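The structure appears below as structure tokens.
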Amino acid sequence: MNSEKPNYFDLVYQVVREIPKGRVTSYGTIAHYLGLKSGARMVGYAMNAAHAMPDIPAQRVVNRQGLLTGKNHFGTPTRMQELLEADGVKVENDRVIDFEKIFWDPDKELGL
DNA sequence: CTCATGACTGCGG
DNA sequence: ACCGCAGCCATGA
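FYI, the numbering for the first sequence is 458 to 569, going by my numbering.
Spelled out as structure tokens, the structure:
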């Protein structure tokens, strides 16, 4: 009856929701944490579906370089940056400032 | 069922 | 350092 979606997406959502305010992480990191070493694309794909989900701070999920690659999926190409700045994350030229400093690693923070 | 694309990453030349 | 290709899995036509 209901179109069941892969639990995989739920796992991604759950991790993203655990990202503290003012922090960011990368697709590959989440993928690796879930056991998908190279499933970074799937994480991004899950984020695309995340639009239908509430409380999914997808803006905190950026690529390996800290670039707001998915900004184009927030309706406006400036929405993602504004959301990050609202979290206290400084962004410039579509890139997260001090990305390495505010980087959040689930395997390191949660797996402590 | 097959083909093509995608919010990515890593390796090789 | 720069460019191009392959790998990963799911969704859509």
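Glycine is no exception: its CB is placed at the ideal position from the N, C-alpha and C atoms.
What you are looking at is a predicted structure, and each value in this text was computed from that prediction instead of being measured.
Check, Outcome
"CB of Val-481 within 7 angstroms of CB of Arg-517, strictly", "yes"
"Neighbour-count burial assignment, Gln-538, 16 or more Cβ in a 10 Å radius", "buried"
"7 angstroms Cβ cutoff met for Val-553 and Val-500", "no"
"Member of Pro-463, Pro-511, Pro-477 whose CA lies at the smallest distance from the CA of Leu-567", "Pro-477"
"Identified DSSP bridge partners for Leu-524", "Arg-552"
"Residues that Ser-483 bridges to, as DSSP identifies them", "Val-519"
"For Phe-560: DSSP bridge partner residues", "Val-481"
"His-508 - DSSP class collapsed to helix/strand/coil", "coil"
"Residue from Arg-521, Gly-496, Ala-488, Ala-503 whose Cα sits closest to the Cα of Glu-557", "Arg-521"
"Which of helix, strand or coil DSSP assigns to Leu-493", "coil"
"Spatial distance of Thr-526 from Val-546 (CA atoms)", "16 angstroms"
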